[in-house]
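Shown next, in structure tokens, is the structure this report addresses.
Number of protein chains: 2
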Amino acid sequence: MRIGELAALVGVSTQTVRHYHHLGLLPEPARLANGYREYRLRDAVVLARVRRLAELGLSLDEIRDVLADDQGRELREVLGELDADLARQQDAIAARRARLAALLARPDLEPDSTVSPEMADVLRDLYAAGSRFAEVDRDLLTLMDTTAEPAARDAVLDLMRPLTEPAALARGHELYARLDAVAGASPGDPRVTELAADLAAHIPGEMAAAMVEHLPAGEDGDQPWLEMMGDELTPAQTEVFRQAVRILAGRT
Amino acid sequence: MRIGELAALVGVSTQTVRHYHHLGLLPEPARLANGYREYRLRDAVVLARVRRLAELGLSLDEIRDVLADDQGRELREVLGELDADLARQQDAIAARRARLAALLARPDLEPDSTVSPEMADVLRDLYAAGSRFAEVDRDLLTLMDTTAEPAARDAVLDLMRPLTEPAALARGHELYARLDAVAGASPGDPRVTELAADLAAHIPGEMAAAMVEHLPAGEDGDQPWLEMMGDELTPAQTEVFRQAVRILAGRT
DNA sequence: GCTTGACCTTGACGTAGCGTCAACGTCTCT
DNA sequence: AGAGACGTTGACGCTACGTCAAGGTCAAGC
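Here the protein sequences line up with chains A and B, keeping their order. 1 is the number of the first residue of the first sequence in the working numbering; add one for each residue after it. 1001 is the number of the first residue of the second sequence in the working numbering; add one for each residue after it.
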């Protein structure tokens, strides 16, 4: 029997057979004068054994180990581990399908919808497009949602909830518009101070406390998170936030 | 922000970030004078987006496609396919776990137990070790079980069932012993003819018909399956089978 | 000034289980 | 004698990175 016949008999490709030779799973048979491998029935039996184990899901390394110790002991162990592993996979897949179902149920599906469901709702309520600044804010929140610890994330979500009420929402959109409007102004523009005050007034008390705690200002109001926003903010907008945080820090 | 900070912020390794650059998933940021990559918040936002999609199970290629068309249309499609794929995986895993559970329930677990459950039962009943020849026969059956079509396999199993009854079983073991005993004899030994007759008599009628049909003998009794068994059989044993098949062919 | 250690750079190789050429030899059929 | 179906070894490709290797950069401590 040559390699093609053997492969066809057991239902694998010739490459598979050669691969198993390479890994030492199947002994190399005798060669004919022309160099062709000459297989016997025993080889087919061994190959079929390997395939059955492989189809159960064992790795080829595991199969070699199992076939090496001719007791069934190791096989039972390996199959037990495999079953446990499959159980874990089932759980993981079920969880992912649950998330997928939740996502597919959303009418406004887009890549940023793949944050946590709660955050997705807040985003939808808060940022009804239109403002360049709202997009930046939205980016920050999605980033926080994916990187922060679940506990911290939930805390932020709780603090944000008051801002999604209709009145606060309208006020928020007005503030975004004013942030857009002040973009090209100089940091000394009178609108900057005014906007900082309104912005600070719009932030609920507990949220202000949290912000001041988690975003400690340097001596001269130099805040790392403001620096990180880098080219997203114009100088005037940066100044608005600097002043707003200073007001919030005094309030707590 | 340098690559390490970015990676830590989003929760991936620096290699992952570079890998995404290589694939074009994440644009290469500006470089500092020393050649270091300098990231901005936007990069973190994009990276987080990629990660969220990757954790849903999308391939990196799919993610690139999804982020390329900025409508949510393709995303919905891809997620739908992904869900269908996961459903298939769930079924496959459930089936494999069922097989594993059946296997782990067997007290006599060994690699050859991983044939179909019915065949495993037949093997346990028929081949209570001891005979070199029984092992060969057993190998043949396991091979057939893994390579044959399910229908053919079930047919063979049905035909074999009469052989597992206690009386037939005892007779079978005796025949195996005699096949072992005749191993070193010459093909002309009187025991050969006698054993061939007893062996043919032991095969139930329908099974004989099936064998003759599926193992057509050549003009001079040269059977390919006998040839395939090659070095497993001694000349005398080969002769036993040749004669037995001739008897069965005459009987049908 | 020198070392140490933590970071960064590019490039190449390894993972699992084969599939898929490439470049070539062998056998059978017509 | 040519075609077509087989066989041989060897090397590269696939996913999503991990893991060296061989260096360059930078801040801190001696």
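Glycine residues also receive a C-beta, built at the ideal position from the N, C-alpha and C atoms.
Residue i at chain A interface by Cβ criterion, 8 angstroms
i	result
residue 1093 of chain B	yes
residue 1146 of chain B	yes
residue 1194 of chain B	no
residue 1066 of chain B	yes
residue 1179 of chain B	no
residue 1029 of chain B	no
residue 1168 of chain B	no
residue 1076 of chain B	yes
residue 1057 of chain B	yes
residue 1120 of chain B	no
residue 1017 of chain B	no
residue 1052 of chain B	yes
residue 1137 of chain B	no
residue 1242 of chain B	no
residue 1103 of chain B	yes
residue 944 of chain B	Any property of residue 944 of chain B remains undetermined from this structure, which presents chain B solely from 1001 to 1252.
residue 1080 of chain B	yes
residue 1037 of chain B	no
Environment of residue i [buried if 16+ CB atoms lie within 10 Å]
i	result
residue 1059 of chain B	exposed
residue 24 of chain A	exposed
residue 243 of chain A	buried
residue 1131 of chain B	buried
residue 1142 of chain B	buried
residue 1254 of chain B	The shown model of chain B, from 1001 to 1252, leaves out residue 1254 of chain B, and the question about it has no answer.
residue 196 of chain A	buried
residue 231 of chain A	exposed
residue 218 of chain A	Since pLDDT at residue 218 of chain A reaches only 47, below the 50 mark, its modelled position is unreliable, and the value read off the structure follows with that caveat. So residue 218 of chain A ends up on the exposed side.
residue 179 of chain A	buried
residue 1146 of chain B	buried
residue 1151 of chain B	exposed
residue 15 of chain A	exposed
residue 69 of chain A	exposed
residue 222 of chain A	Any reading at residue 222 of chain A must be qualified, since the residue scores a pLDDT of 49, below 50, and its modelled position is unreliable; no value is offered.
residue 256 of chain A	For residue 256 of chain A there is no data in the structure shown, the boundaries of chain A being 1 and 252.
residue 83 of chain A	buried
residue 5 of chain A	exposed
residue 139 of chain A	buried
Below-8 angstroms beta-carbon distance, residue i vs any chain B residue
i	result
residue 222 of chain A	Only weak support is given to the placement of residue 222 of chain A: the predicted model assigns it a pLDDT of 49, under 50, and the value that follows is read from those uncertain coordinates. It does not; no Cβ of chain B falls within 8 angstroms.
residue 172 of chain A	no
residue 10 of chain A	yes
residue 45 of chain A	yes
residue 237 of chain A	no
residue 114 of chain A	yes
residue 111 of chain A	yes
residue 218 of chain A	Reliability of the predicted coordinates at residue 218 of chain A is poor, the pLDDT of 47 falling under 50, and the value obtained from them is presented with this limitation in mind. No, residue 218 of chain A does not count as interfacial toward chain B.
residue 142 of chain A	yes
residue 205 of chain A	no
residue 132 of chain A	no
residue 231 of chain A	yes
residue 151 of chain A	no
residue 188 of chain A	no
residue 96 of chain A	yes
residue 124 of chain A	no
residue 7 of chain A	no
residue 88 of chain A	no
residue 69 of chain A	no
Expected contact under 8 angstroms - CB spacing of residue i and residue j to nearest Å
i	j	result
residue 1086 of chain B	residue 96 of chain A	6 angstroms
residue 103 of chain A	residue 1079 of chain B	6 angstroms
residue 199 of chain A	residue 164 of chain A	About 17 angstroms; that fails the 8 angstroms criterion.
residue 202 of chain A	residue 172 of chain A	7 angstroms
residue 1248 of chain B	residue 1210 of chain B	Not quite, the Cβ-Cβ distance comes to about 10 angstroms (not below 8 angstroms), so this is no contact.
residue 2 of chain A	residue 31 of chain A	That belief does not hold up - the Cβ atoms of residue 2 of chain A and residue 31 of chain A are roughly 11 angstroms apart, past 8 angstroms.
residue 237 of chain A	residue 183 of chain A	6 angstroms
residue 1041 of chain B	residue 56 of chain A	Their Cβ separation, rounded to whole angstroms, is 49 angstroms, which puts residue 1041 of chain B and residue 56 of chain A out of contact at 8 angstroms.
residue 1017 of chain B	residue 1033 of chain B	In fact, because the Cβ distance is near 21 angstroms, the residues do not count as touching under 8 angstroms.
residue 235 of chain A	residue 187 of chain A	5 angstroms
*asked:* Counting beta carbon pairs with one atom in the region 1069-1085 of chain B and one in the region 100-111 of chain A, are three or more of them shorter than 8 angstroms?
replied: With a cut-off of 8 angstroms, the region 1069-1085 of chain B and the region 100-111 of chain A count as touching, because enough Cβ pairs lie within range.
*If we count Cβ pairs, one from each stretch, closer than 8 angstroms, do we get three or more for the region 1042-1051 of chain B versus the region 1010-1022 of chain B?*
Yes, since at least three Cβ pairs between the region 1042-1051 of chain B and the region 1010-1022 of chain B fall closer than 8 angstroms, the two stretches touch.
*the region 1154-1173 of chain B touching the region 22-38 of chain A, judged by at least three CB pairs closer than 8 angstroms*: Because the criterion of three Cβ pairs below 8 angstroms is not met, the region 1154-1173 of chain B and the region 22-38 of chain A do not touch.
*Counting only runs of 4+ residues fully inside the region 1131-1209 of chain B, write out the alpha helix (DSSP H) ranges in chain order.*
Counting only runs of 4 or more, we get 1132-1147, 1150-1160, 1166-1181, 1190-1202.
*Ordered list of alpha helix (DSSP H) runs contained in the region 20-63 of chain A, each at least 4 residues*: You should have 41-56.
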